[in-house]
Every structure is written in C-alpha cells, then in structure tokens.
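2 protein chains.
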Amino acid sequence: MNALPTLEPSTEEACCTPAGQPALGADEAKQKSLVFKALADPNRLRLLSMVKAESSGESCVCDLTASLDLGQPTVSHHLKILVDSGLLHREKRGTWAYYSLVPGALDDVAGLLTTL
Amino acid sequence: MNALPTLEPSTEEACCTPAGQPALGADEAKQKSLVFKALADPNRLRLLSMVKAESSGESCVCDLTASLDLGQPTVSHHLKILVDSGLLHREKRGTWAYYSLVPGALDDVAGLLTTL
DNA sequence: CCCATACATTGATGCTGGTCAATATTCAGG
DNA sequence: CCTGAATATTGACCAGCATCAATGTATGGG
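Listed in order, the protein sequences are those of chains A and B.
In terms of numbering that gives the first Met the number 0, the first sequence is residues 0 to 115.
In terms of numbering that gives the first Met the number 0, the second sequence is residues 0 to 115.
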C-alpha cells in the first residue's frame with residue numbers, strides 16, 4: 000500500500016535525448032507487477048476464463064479441478080493467488096467454496112497498461 | 000502459432016452448475032500468458048514506462064541502463080524479452096540501439112483481458 | 001459421535017527466470 | 001588496421017515458483 004513516487008535523479012549528461020519524465024518508480028513498478036505475475040500463468044488464465052464463462056457467475060473448486068488436469072491442492076493454490084491479487088472473490092457456502100470475478104478488476108488491469 | 004481449440008470434455012456429473020462454455024484451451028492460455036510473463040517483472044515495467052515517457056518516442060540502452068541500477072547485460076536481456084513479446088521495437092542506428100513502443104501493442108494486451 | 005466430502009495448508013522437489021561477470025560483436029574515428 | 005565505445009551473447013549462480021503427496025480443517029449426514 001506504499002505509493003511513494005521515488006523519482007529517479009536522471010543524472011546523465013547526454014547520449015540521445017534526456018529523459019526528464021518521471022516514469023515509474025521502483026516500488027510503484029513492483030506493486031503493479033504483482034497483478035501481471037498473477038496473470039502470467041496459463042492455468043490461472045484458464046481459471047479466470049472458466050469463472051467468467053460460467054453462466055451463474057461463480058464456480059466451485061470441484062468443477063474447476065475437473066477441467067484442468069491439475070491436482071486439487073494446486074488449483075486451490077492458484078485460486079488463492081488470484082484472490083490475493085484482487086481478481087477473484089471467494090465465498091464459502093456449506094462445504095463448497097464459490098469463486099467469482101471481482102467486478103471491474105480486469106478493466107482496472109487494462110487501465111494499468113494504458114497509464115504506464 | 001498453434002491456435003487449436005482443445006476443448007475439455009467436461010465429464011462431470013453434477014456439483015454446482017455445469018460449465019458448458021468453451022473458455023480458454025490449454026495452448027491458447029499458454030500463448031496468452033507469454034505477454035503477461037513479459038509484463039510480470041518490475042524492471043520491465045519501468046523500461047516500458049521510460050520508453051513511453053520519452054518525448055522522442057525512443058530510448059537508447061545507455062539511457063535506460065543509467066536509470067535502472069542494473070547491469071547493462073541485464074537491461075539488454077529485459078529489452079530482448081520485451082521485443083520478443085511484441086511490445087517494443089528495436090532499431091539500430093550506428094553504434095546505438097533505439098527502442099520504441101510498438102503502436103497499439105499495450106492496447107492489444109488490454110483487449111486480451113476483456114476477451115478472456 | 002463417526003464418517004465421508006470439499007477444500008485449504010504444509011513440506012519437499014524440480015524447473016524457470018533474473019542477475020552478473022566475462023566475452024563476443026559491431027561500428028565510428030584516427 | 002587499430003582502438004575504444006555501445007550493445008549483445010554466453011555461462012553460471014541463486015531465488016522464486018509450479019506442482020504434488022500428505023495432512024489438516026471444517027461441514028453435513030447417518
């Protein structure tokens with residue numbers, strides 16, 4: 000939750016053209032890279048796609064595990080990463096856990112790209 | 000370059016609600032994850048940001064290396080990954096190599112997210 | 001209570017990826 | 001040509017991550 004600017008001093012004399020623009024600070028870049036790390040795995044992309052494709056808007060782990068030739072612990076692990084990155088929402092009802100897309104989360108990531 | 004659908008058989012009897020949607024195939028997901036892998040590193044995000052912030056639209060390696068307390072080989076490595084993923088363009092003029100954003104590339108990635 | 005089911009957690013393992021030192025390549029100048 | 005500067009490539013090292021087996025934790029049914 001640290002949004003410090005951390006502007007680089009830009010202490011170069013000459014070469015091409017001096018880059019006076021602030022660009023991204025080190026901590027800011029590290030923060031933004033977390034979401035892309037979450038998206039950088041094929042199985043997690045498939046999980047997101049499956050949850051999104053579900054007509055009810057939510058999926059349980061048993062359903063997702065069946066479609067992803069992966070072990071159940073591995074699927075739970077991926078789902079946790081997606082929840083921690085703010086992309087998925089988890090709701091437990093009875094013995095089952097239902098995962099759903101956080102509204103607008105994917106659009107927010109798309110916005111991150113255009114405001115690099 | 001393989002765009003086979005690879006639909007999963009969806010052989011589950013019942014649980015919550017059956018996911019009849021195609022969603023993402025394994026190879027399709029692997030393909031799309033490559034761009035996000037390229038974006039999943041803080042230093043590469045900073046490189047993209049620096050190139051974008053440059054008023055001339057392009058930056059040379061010497062300039063980028065000076066701002067990123069990283070070794071020159073490491074910066075070249077990251078730039079190669081960004082070029083291979085289709086985000087940056089490389090043009091060599093004389094001894095210098097100038098990198099620029101591929102027009103529309105970031106918007107295409109944003110589009111990938113909404114069409115998951 | 002006891003057991004089965006659905007899911008999460010832990011620990012271990014193998015592989016991918018980021019980084020650097022050293023070297024190679026390419027180009028401009030003298 | 002020869003030298004120096006800018007960049008790319010190679011090889012090696014270490015951290016991080018994806019995966020699985022085993023176990024733990026609820027929850028519901030009998």
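Glycine included, every Cβ here is placed at the ideal spot set by N, Cα and C.
Taking residue i as the reference, which of the options has the closest Cα?
i	options	result
T64/B	V108/B, D26/B, E27/B, W95/B	W95/B
G85/B	S55/B, G24/B, L67/B, D107/B	D107/B
K29/A	R43/B, L115/B, A109/B	R43/B
A25/A	D68/B, L105/B, D83/B, T73/B	D68/B
R45/B	D83/B, E27/B, L87/B	L87/B
L100/A	E27/A, E53/A, F35/A	E53/A
Taking 7 Å as the threshold (C-beta atoms), are residue j and residue i in contact?
i	j	result
L111/A	K51/A	no
Y98/A	R89/A	yes
A55/B	L115/A	First, the residue type needs correcting, since residue 55/B is Ser and not Ala in the sequence shown. No, the Cβ-Cβ distance between S55/B and L115/A is not below 7 Å.
I80/B	A37/B	yes
A109/B	A109/A	yes
Just mark residue i as buried or exposed, buried being the case when its beta carbon has 16 or more other beta carbons within 10 Å.
i	result
D62/A	buried
P41/B	buried
Mapping DSSP to helix, strand and coil, what is residue i?
i	result
L100/A	strand
L38/A	helix
E57/B	strand
L33/B	helix
L87/A	strand
Q20/B	Bear in mind that a pLDDT of 48 at Q20/B, under 50, signals an unreliable position, so the model cannot answer this.
T114/B	coil
Check the C-beta distance from residue i over to residue j and give it rounded, since I have them as a contact under 8 Å.
i	j	result
V60/B	V74/B	6 Å
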